[in-house]
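Throughout the sequence shown, residue numbering follows the working numbering, covering 206 to 1244 in sequence.
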Amino acid sequence: MKLINAFVALLSLSVFSFSGFAQESVTGTVTDAQTGEALPGVSVVLKGTTNGVPTNLDGEFTLKLSQEEIENDTLEFRFLGYKVLVRPIGGRTVIDAFLKPDQELLDEVVITAIGIEKDKRKLGYSVTEVQGDEIIKSRETNIVNALNSKVAGVQVTSTSGSPGASSVVRIRGNTSINGNNEPLYVIDGIPIDNSYRGSNFTDQANRAIDIDPNDIESMTVLKGGAASVLYGLRASNGAIIINTKQGKKGKTKVTFSSTTTFDVVNKLPEKQSIFAQGDNGQFVRGSNFSWGPRIDTMFNSSIDDEFLVPASDPTATTGARSFDNSENFFQTGVTLNNSLSITGGNDQSSFYLGLADLRQTGIIPLTEFNRTSIRLTGSTQVSEKLRVRASANYITSKADRAQKGSNLSGVMLGLMRTPPSYDLTNGSSNPVNDESAWSEPDGTQRTYHGAYDNPYWSVNKNRNEESLNRLIGFVEASWQPFEWMNVMNRTGVDTYSEQRKSYWDRQSNEFTDLGGAIFDETFNQRNITNDLIVTIDHEIASDFNAQYIIGHSFQDFNSTSYVVDGFDFVVDDFYDMSNIASINVTADDFLDRKRIIGLFGDFSFDYKRTYYLTLTGRNDWSSTLPADNNSFFYPSVSLGFVPTEMLYLGVLEYVKLRGSYAVTGNDAFASYLTSNFFVSGGSTQGQLSYFPASVIGNNELSPEFTRSFEIGTDVRTRNNRVGLDLTYYHTSSVDQIVQIPIANSTGYSSVITNIGEIENQGIEALVNVNVVEREVSKPNKVWWNTSLNFTRNRSEVIELTDGLDNIALPSNGLASTQSRVVVGEQYGVLFGFVWERDDAGNILVNENGLPIRSAEADIIGDPNPGFTIGWRNNIGWRNWELTFLLDIRKGGDIYNGTRAVMTSLGTHEDTEDRNEEIIFEGVFASGENAGQANDVSVRKEDLYRSYGLVNVSEEFVEEVNWVRMRDVSLTYNFSPAFLDKIGIERASLSLTARNLFLITNYTGIDPETSLGGGSNAFGRDYFNNPNTRSYGFNLTVTL
């Protein structure tokens, strides 16, 4: 019996033992609690044991556990940079985990100078990073515009809403008079060309427009000298580091994105619609003015329906009416932007292939910008110590541009000057394609006045066509002979060829006296760069670390241009150089070569993650400077202190104090300025000719230098709930290389020399608040993140040179009102004609009671804004996400030359009160009442006409303020459960808008405009082409 009992007991024990060893699988997915991204490599361990597995590339895990462990034990999830998560299993076999970033462990990594990754906490200067998702949400075709209002200290101005128009970026103000004030653009460590080759006739592009926004992973803005000194003289105005999307290991993913956008005019000058073409209250056909009779008192003539007559005239037929020519002219522009990306890889290699196609038609008829690009990037671990990376990006684009305001064929110039009684369409429902709208039966141009082109004629007969082919690429090899040492060599190329063809019909007013014109231009640019960089990590002692970087830089630039001008077409409607007699053809070719060689070093130290010191230095040799002065050295030092590593500051989880001082150098703004014998060869009237240079060179030029100082602080509360980044900076730019005008009697027009000093100082602030934290594990919870950036910059021209207190800035367009640098004033103040004043500041009037214009020009305004604010909000709930960006600007003047001319011609809305009497506030200039207050009343029409077309600038300077909805998007992210059923990993649908509303006191077009395009001159509006308001939708799908 005892034996039987023993056997039963043994059998029971065996059963229970085997049941204890029977195992089941517990599965799940681990994702980032804030972004929802899958986390590969997370350690999933049964707490208190060594039984665990890592998550795979898709964040998934499978862990074998016993039934008892499933019922009673706990899983522990660990991943570097995230808080440890402990989850009771509780009998479940599927457990999804959401890990929250641990701000104490997770240092934000940013791309700094020469493409080096560094922890942001180690930096002693301000750096701002904009993620690719934010850039794409803007739905901008030009990546430059995508930065607008997103980064403190950065001002972006788009010249117009025309397809492919340029945009201007300034970081912490302007520092150079004749030189380039644009930041350096760097893609994956390769500096690229962002040239702007301006024109008086059309809105040309800056070449950053060639980059496809869909390819961008992030953009990092390096602002101060200490941030960009290692990039050398080309980064003297800061740098914008563009990091493109790279291949990722894991299964191959395909992402398709399609965006459709509709553009409309967002703002136009207000025109009067009451008074007809004519003068002194009488209708005058062909008159340049709109000082005619009231339209509602006039009738069309049966003899000629463009001739208006009073009711008493026997030829009177139907009543005359006013025409809204602006409403009829502009169209809805359409942009189609499609992109496809394929990415994948394994533990050794990865690749990224991006294809994109953009088709954009403008709000001005027959304008367009098309861009197609393909980019292939790959990397491979050749061996344990050698990794190779390469990329190639080919871009081809085509643009058709409209004439801008500063020429007689400008579409806005003709449109805004046309009297409201004149129908530019000639009654056609399709005036762009109906020749009768803009051409008379005899083939001559149909226009209200012989001096200006009919806008429909201009878009058909005065064309600017552009095509471009560009290749950007690099090859990079990184060799790590030791764990503490890395040697990297990177060679890059940026080359493109741009062709432009511009022509004006023989009847077009800009070149009517010359029988029409045609310009054929070809620009070839080839930039080659090579960087050799050695990085050494050194543990000096416990908690005391250093990193040493030394490098060599080689940059070679080769630019050629071929320009052929022809005048007087032999036959009509054949716009080709072969239609010009050889005697009327002029040809020029230009060659520009430049080389820069640099040596640099970066030595950084950190002690106990609390104290940081970085020393940098660079020496450049530039071929644009004289041999004796072509070598120049510039250093920087930056400090950082993180007191929260050693002190408990309550709710403040992270506090850093930082400061830096840096010197950056710059070479001449053009090649060959050291001599006065360089000439360009070409032909004139079919004969070989040579052109002596009109500029006196200077073989004693020295480099420009900018000395910059900044201090700031970064503060974050616990869980990164609130963040503050505050910076004060001061820069001083000395020894400006400037082209100074001299008397033509010398045989030259100007001389090159070093002069002057310009200062900039300002405050930048960035506040970021997670009002309600985002938790992917709680989809029904509303989350809200808001950030606000503030910028205030003040510049001052400290000095120029003896006997010279102002210099006109080079620019395109209007000559009567200029941007200038004036001693004691901010950079780029507006200079134009003003009213004559007495010593007390009273405006002087003549005996007729009309103001007198001064014979001398003077300062009339300051276009620099008082401050700017960008306020971004991201709000989410369930699968919905709303993002919007408000842009606020206070102050800064614009010369409204459009209103000035429209007022003098009688087409502006202000002139509707023309018959009222007014006593102009001023004092008599002469006579027996000299010095006494004016008491002579005048008709407002007489006052408006006394202004002249551009007779006086002062009267039309407007201080600009605005609040605009820069961009807004509403996105629906389809649920993973639904997408899994149809084999899609991720999909979203978005509704988007740009410039959804604009509140401004400016009376012209959208005040974000610049007649000077990408030049250093700004703050002028002279029949500039208008900007746009955009609406659209996007569909993005990832397989």
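Built from N, CA and C at the ideal position, the CB exists for glycine as well.
Note that the structure is a prediction, hence the values are computed from the model and not measured.
So residue i and residue j are in contact, right, with Cβ under 8 Å, and what is the actual spacing, rounded?
i       : j       : result
Gly1251 : Thr465  : For residue 1251 there is no data in the structure shown, the boundaries of the chain being 206 and 1244.
Ser1064 : Val1106 : The residue asked about is misnamed: residue 1064 is Ile in this sequence, not Ser. Ile1064 to Val1106, Cβ: 22 Å. No contact.
Exposed or buried, residue i, counting other C-beta atoms within 10 Å across all chains shown (16 or more means buried)?
i       : result
Leu310  : Since pLDDT at Leu310 reaches only 46, below the 50 mark, its modelled position is unreliable, and the value read off the structure follows with that caveat. By the neighbour-count rule (16 or more Cβ atoms within 10 Å), Leu310 is not buried but exposed.
Tyr817  : buried
Leu1240 : exposed
Arg1150 : buried
Pro493  : The sequence shown places Asn at residue 493, not Pro. Asn493 is buried by the Cβ-count criterion.
Lys269  : exposed
Ile1210 : buried
Thr260  : buried
Arg923  : exposed
Ile446  : buried
Gly1097 : buried
Arg1083 : exposed
Asn1206 : exposed
Gly491  : exposed
Gly1188 : exposed
Gly615  : buried
Mind checking whether the beta-carbon of residue i lies closer than 6 Å to any heavy atom of the ligand ZN?
i      : result
Ile321 : Absent from the structure shown: the ligand ZN. Ligands present: none.
Select from the options the residue whose C-alpha is nearest the C-alpha of residue i.
i       : options                          : result
Val539  : Ser1215, Ala516, Phe1129, Gln565 : Gln565
Ser1215 : Asn881, Glu640, Ser367           : Ser367
Asn667  : Asn612, Ile916, Gly870           : Asn612
Gly928  : Tyr953, Ile916, Leu857           : Leu857
Phe762  : Arg1169, Asp748, Gln730, Asn784  : Gln730
Thr821  : Ala432, Pro259, Glu671, Glu640   : Ala432
Glu1213 : Arg439, Val1168, Thr1006         : Val1168
Thr1103 : Glu1163, Gly1071, Val1128        : Glu1163
Pro519  : Ser506, Ala525, Leu931, Arg526   : Ser506
Lys813  : Ser271, Ser836, Pro848           : Pro848
Pro293  : Phe303, Ser614, Asp278           : Asp278
Ser937  : Ala413, Glu726, Tyr1032, Val361  : Tyr1032
Asn835  : Thr879, Gly806, Ser343, Asp324   : Thr879
Gly559  : Gly610, Ala1020, Thr232, Val459  : Val459
Tyr1177 : Asp1115, Gln586, Leu1087         : Leu1087
Thr869  : Ser271, Tyr436, Asp393           : Tyr436
Val775  : Gly720, Val680, Asn735           : Gly720
Gly697  : Ser683, Phe687, Pro686, Ile677   : Ile677
Val361  : Asn533, Glu281, Val373           : Val373
Ile340  : Lys355, Ala642, Val247           : Lys355
Leu804  : Trp684, Ala1062, Val434          : Val434
Thr829  : Gly246, Lys327, Ser343, Gly384   : Gly384
Gly1219 : Ser641, Arg412, Thr1006          : Arg412
Can you look up residue i in the DSSP assignment and give me helix, strand or coil?
i       : result
Leu1216 : coil
Phe687  : strand
Ala243  : strand
Phe226  : In this prediction, Phe226 has a pLDDT of 46, which is less than 50 and means its spatial position is unreliable; what the coordinates show is noted afterwards. Helix at Phe226.
Phe774  : strand
Arg283  : strand
Met160  : The chain is shown from 206 up to 1244; residue 160 falls before or after that span and cannot be answered.
Asn1230 : coil
Ser1235 : strand
Ala656  : coil
Asp628  : coil
Gln1031 : coil
Val927  : strand
Val258  : strand
Next on the checklist: Could you check whether the region 560 to 575 touches the region 485 to 498, counting it as contact only if at least three pairs of C-beta atoms, one from each stretch, sit closer than 8 Å?
Outcome noted: The region 560 to 575 vs the region 485 to 498: no contact.
Next on the checklist: Under 8 Å, with one C-beta from each stretch per pair, do the region 1225 to 1236 and the region 1196 to 1208 reach the 3-pair mark?
Outcome noted: Judged by Cβ distances under 8 Å, the region 1225 to 1236 makes contact with the region 1196 to 1208, as three or more pairs qualify.
Item to check | Stretch-stretch touch, CB-based, cutoff 8 Å, three pairs: the region 764 to 777 with the region 820 to 831 | outcome: The region 764 to 777 is not in contact with the region 820 to 831.
Next on the checklist: Could you check whether the region 541 to 548 touches the region 513 to 526, counting it as contact only if at least three pairs of C-beta atoms, one from each stretch, sit closer than 8 Å?
Outcome noted: Judged by Cβ distances under 8 Å, the region 541 to 548 makes no contact with the region 513 to 526, as fewer than three pairs qualify.
Checklist entry - Three or more beta-carbon pairs under 8 Å between the region 1013 to 1025 and the region 979 to 997, yes or no? => result Fewer than three beta-carbon pairs drawn from the region 1013 to 1025 and the region 979 to 997 are found closer than 8 Å, and the two stretches are therefore not classed as touching.
Item to check | Meets three-Cβ-pair contact criterion under 8 Å: the region 657 to 672 and the region 699 to 717 | outcome: Enough Cβ pairs lie closer than 8 Å, so yes.
Item to check | Any 3 or more C-beta pairs closer than 8 Å across the region 652 to 663 and the region 687 to 704 | outcome: No: the two stretches stay apart, fewer than three of their Cβ pairs being nearer than 8 Å.
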